[in-house]
Amino acid sequence: MMPAPLLRAQNIGLDFPTITPADRKIMTSPVRFLLDFYFSRSLRKSVPVLHDISFEIYPGDRLGILGLNGAGKSTLLRLLAGIYFPTSGHLEVQGQAKGLFDVSMGMQAEATGLENIYLRGLQMGISLGEIKQKLPDIMEFTELGDDIHKVFDTYSSGMRLRLAFAVSTMITPDILLMDEWLGAGDARFKAKVKTRMDGLVEGSRSLVLASHSVALLKQLCTKGLVLHKGEQMYFGSLDDAIKCYDEIVKPKA
Amino acid sequence: MLKIDKGRWQYWFYASWFKIAVRYRKTMLGPIWLLVGPLMFITMLGLLFSVIMNVELAVFVPHLAFGIIVWSLMTSLMNSGTNVVFHNRPQMIHSGTKLLDLVMVNLFNSLLQFAHHILVAVGVYFVFRWALTPYAFVSIIGLIFLIANGFWYGVVFGILGARYRDISEIISALMGVMFFITPIIWMPEAEGRGGILGPYLSLNPFHHFLELIRAPILGTPIAPLSWIVVITITVLGLTAAYIFNARFAKQLPTWL
Numbered sequence: 001m002m003p004a005p006l007l008r009a010q011n012i013g014l015d016f017p018t019i020t021p022a023d024r025k026i027m028t029s030p031v032r033f034l035l036d037f038y039f040s041r042s043l044r045k046s047v048p049v050l051h052d053i054s055f056e057i058y059p060g061d062r063l064g065i066l067g068l069n070g071a072g073k074s075t076l077l078r079l080l081a082g083i084y085f086p087t088s089g090h091l092e093v094q095g096q097a098k099g100l101f102d103v104s105m106g107m108q109a110e111a112t113g114l115e116n117i118y119l120r121g122l123q124m125g126i127s128l129g130e131i132k133q134k135l136p137d138i139m140e141f142t143e144l145g146d147d148i149h150k151v152f153d154t155y156s157s158g159m160r161l162r163l164a165f166a167v168s169t170m171i172t173p174d175i176l177l178m179d180e181w182l183g184a185g186d187a188r189f190k191a192k193v194k195t196r197m198d199g200l201v202e203g204s205r206s207l208v209l210a211s212h213s214v215a216l217l218k219q220l221c222t223k224g225l226v227l228h229k230g231e232q233m234y235f236g237s238l239d240d241a242i243k244c245y246d247e248i249v250k251p252k253a
Numbered sequence: 254m255l256k257i258d259k260g261r262w263q264y265w266f267y268a269s270w271f272k273i274a275v276r277y278r279k280t281m282l283g284p285i286w287l288l289v290g291p292l293m294f295i296t297m298l299g300l301l302f303s304v305i306m307n308v309e310l311a312v313f314v315p316h317l318a319f320g321i322i323v324w325s326l327m328t329s330l331m332n333s334g335t336n337v338v339f340h341n342r343p344q345m346i347h348s349g350t351k352l353l354d355l356v357m358v359n360l361f362n363s364l365l366q367f368a369h370h371i372l373v374a375v376g377v378y379f380v381f382r383w384a385l386t387p388y389a390f391v392s393i394i395g396l397i398f399l400i401a402n403g404f405w406y407g408v409v410f411g412i413l414g415a416r417y418r419d420i421s422e423i424i425s426a427l428m429g430v431m432f433f434i435t436p437i438i439w440m441p442e443a444e445g446r447g448g449i450l451g452p453y454l455s456l457n458p459f460h461h462f463l464e465l466i467r468a469p470i471l472g473t474p475i476a477p478l479s480w481i482v483v484i485t486i487t488v489l490g491l492t493a494a495y496i497f498n499a500r501f502a503k504q505l506p507t508w509l
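Sequence lines, in order, name chains A and B.
Take the first sequence: its position 222, counted from the start at 1, is 222 in the working numbering, and no numbers get skipped.
Add 253 to a position in the second sequence, counting from 1, and you land on the number used in the working numbering.
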């Protein structure tokens with residue numbers, strides 16, 4: 001018997017209200033420009049960002065989401081995390097789906113590395129005591145040493161990446177969500193990520209990773225979902241997903 | 254919905270304490286700067302306006318001091334409450350912070366500032382030493398009402414402010430004017446009602462909130478109307494917050 005899926009998405013879609021500023025050319029229509037400037041007569045439209053997406057994640061699955069920039073990968077991750085809610089379809093998540101979506105944005109630039117660990121940890125629902133327990137492990141992964149007392153703003157991108165990754169893997173959610181920033185590190189970082197990820201996704205947990213780096217996905221994932229302009233092109237084994245993705249990437253002859 | 258356990262309270266407190274710590278990190282006085290503003294205000298305006306209004310210093314300064322620190326709390330709640338969602342856009346979208354978390358951190362932040370300001374009020378008390386009666390404890394009830402209102406305001410106006418950016422402009426303009434219409438730098442007449450504004454004073458909700466906190470400490474009576482107004486606003490506001498949260502919290506991140 002198949003175990004119950006951790007996550008089931010049935011034809012989910014997301015519409016986004018977007019504001020398109022009306023024609024703002026001052027030379028051609030000065031009156032319009034003034035009206036627009038003072039009364040902000042912009043048009044509010046609902047635009048579909050994701051459309052008709054269906055897939056399932058079973059315990060132990062490692063799903064890679066492939067797609068070009070702007071295909072809707074990050075938006076889909078945020079849907080799974082419960083930041084956005086689908087405007088159509090049905091999304092069922094068993095347990096927790098959590099992750100970090102942007103290296104610097106989730107962090108407070110003026111706070112020290114250590115303060116960021118506490119802030120993010122508390123925000124994710126870990127108590128002060130538990131964070132203190134996990135601190136040595138985090139410190140070891142980040143390799144920051146005394147730099148942990150420096151302000152996050154002064155960190156190099158590698159330091160930020162290590163801290164962000166260590167912080168966001170403090171919790172062990174049932175489904176770990178990772179955005180493509182993960183691919184930014186050097187070889188050493190990637191090797192460390194691989195070992196840590198393997199530990200995290202062990203057993204019944206799963207991973208969803210969005211990226212356009214095929215190499216990274218091959219290393220970490222077993223299944224693939226291809227997104228193109230908000231539509232689902234393919235869902236299934238990673239190899240076939242990569243083939244499908246290559247079709248999209250290939251410039252039209 | 255949000256699970257509210259010990260960890261949540263720790264987060265609200267730590268995140269708001271940290272905001273203040275960072276703001277004053279590179280200054281010499283640190284958060285003591287929070288005391289400088291009200292202290293100067295009370296000294297200068299106390300000396301000046303007690304002459305203009307022809308009131309004894311010992312009567313006017315406590316009235317002014319408690320008025321100004323409660324007013325700072327109200328403006329802080331009002332102004333930051335309308336901005337709470339769109340100023341924290343990255344936190345909401347990138348780390349999935351929920352609306353209620355943002356509102357609570359904001360509320361704690363205002364209260365921490367207020368806690369600093371109380372030191373100034375205590376200082377004023379030691380200078381003038383008027384008689385405090387057990388009646389003064391009623392002002393804690395007034396403060397609890399104000400905090401509850403800060404909460405619903407953050408939820409309702411945080412949502413509205415994210416959707417209609419004009420609201421924060423309206424509120425900050427309004428608060429500038431309300432400062433002069435509320436009896437802070439002037440006093441209602443000895444009978445307690447009116448002053449410069451006459452009967453219109455009772456239309457000002459801020460006056461009623463202020464009365465509930467200030468009057469018990471100064472030993473002046475609270476009009477029953479103030480209780481009615483404050484309780485009504487609190488009940489209506491909390492209901493609105495409940496409805497807004499249920500109706501809009503899910504769509505909110507897509508508005509940002």
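Just so it is clear, CB atoms sit at the ideal spot from N, CA and C, and this is done for glycine as well.
Since the structure is predicted, the reported quantities are computational estimates derived from the model, not experimental observations.
Classification of residue i by the beta-carbon crowding that lies within 10 angstroms, buried from 16 upward
| i | result |
| --- | --- |
| Ala460/B | Reading off the sequence shown, one finds His at residue 460/B, where the question assumed Ala. Buried: at least 16 other Cβ atoms inside 10 Å. |
| Gly260/B | buried |
| Ser156/A | exposed |
| Gln133/A | exposed |
| Glu464/B | buried |
| Asp354/B | buried |
| Tyr417/B | exposed |
| Asp266/A | Here chain A covers residues 1 to 253 and nothing more, so residue 266/A does not appear. |
| Arg500/B | exposed |
| Asn362/B | buried |
| Tyr339/A | Absent from the model: residue 339/A. The displayed extent of chain A is 1 to 253, so no value can be given. |
| Asp258/B | exposed |
| Glu115/A | buried |
| Val167/A | buried |
| Pro436/B | buried |
| Leu177/A | buried |
| His149/A | exposed |
Option in the options with minimal Cα separation from residue i
| i | options | result |
| --- | --- | --- |
| Ser314/A | Glu202/A, Leu238/A, Met233/A, Ser157/A | Absent from the model: residue 314/A. The displayed extent of chain A is 1 to 253, so no value can be given. |
| Gly125/A | Gly349/B, Thr473/B, Val430/B, Trp286/B | Gly349/B |
| Arg162/A | His90/A, Lys192/A, Val249/A | Lys192/A |
| Leu200/A | Pro17/A, Asp179/A, Leu227/A, Ile171/A | Ile171/A |
| Asn402/B | Gln344/B, Ala493/B, Tyr417/B, Met428/B | Ala493/B |
| His51/A | Ala9/A, Ile83/A, Lys45/A | Ala9/A |
| Val338/B | Ser269/B, Phe313/B, Leu364/B, Ile412/B | Ile412/B |
| Gly64/A | Glu231/A, Ile248/A, Lys250/A, Leu227/A | Leu227/A |
| Thr112/A | Pro387/B, Leu478/B, Arg278/B, Ala468/B | Arg278/B |
Short CB-CB distance (under 9 Å) between residue i and chain B
| i | result |
| --- | --- |
| Ser206/A | no |
| Ser213/A | no |
| Asp102/A | yes |
| Pro17/A | yes |
| Arg8/A | no |
| Lys98/A | yes |
Closer than 9 Å to chain A by CB, residue i
| i | result |
| --- | --- |
| Pro284/B | no |
| Met281/B | no |
| Met357/B | no |
| Trp508/B | yes |
| Asn498/B | no |
| His347/B | yes |
| Gln366/B | no |
| Ala318/B | no |
| Trp350/B | One point to set straight first is that residue 350/B is Thr, not Trp, in the sequence displayed. By this cut-off, Thr350/B is an interface position. |
| Pro512/B | Limits of chain B in this structure are 254 at one end and 509 at the other, which puts residue 512/B out of reach. |
| Pro517/B | Here chain B comprises residues numbered 254 to 509, so residue 517/B is not present and cannot be evaluated. |
Amino acids of chain A, ordered along the chain, whose beta-carbon sits closer than 8 Å to that of residue i
| i | result |
| --- | --- |
| Phe271/B | Gln108, Ala111, Glu115, Leu119 |
| Ile275/B | Position check: residue 275/B holds Val in this sequence, whereas Ile was assumed. In chain order: Gln108, Glu110, Ala111. |
| Gln263/B | Leu122, Ser127, Leu128 |
| Ala268/B | Leu119, Leu122, Gln123 |
Contact list for residue i against chain B, beta-carbon separation under 7 Å
| i | result |
| --- | --- |
| Ile126/A | Gly260 |
| Ile175/A | Residues of chain B passing the Cβ test: none, with the nearest at roughly 13 Å. |
Cross-chain neighbours of residue i in chain A, by beta carbon under 7 Å
| i | result |
| --- | --- |
| Thr435/B | Per Cβ cutoff of 7 Å: no residues; Thr435/B is ~31 Å from chain A at best. |
| Ala415/B | Near Ala415/B there are no residues of chain A at all, since even the closest Cβ is about 12 Å away, more than 7 Å. |
Per-residue contacts from residue i into chain B (C-beta, under 8 Å)
| i | result |
| --- | --- |
| Ile12/A | Chain B residues near Ile12/A: none, gap ~14 Å exceeds 8 Å. |
Query raised in the report: Is the segment 200 to 220 of chain A touching the segment 51 to 61 of chain A in the sense that three or more CB pairs, one from each, lie closer than 8 Å?
Result: yes
Query - Positions along the segment 69 to 91 of chain A whose CB lies within less than 9 Å of some CB in chain C - result: In the structure shown, chain C cannot be found, because the protein chains are A and B.
Report task. Take every Cβ of the segment 280 to 295 of chain B, pair it with every Cβ of the segment 321 to 328 of chain B, and state whether three or more of those distances are shorter than 8 Å. Result -> yes
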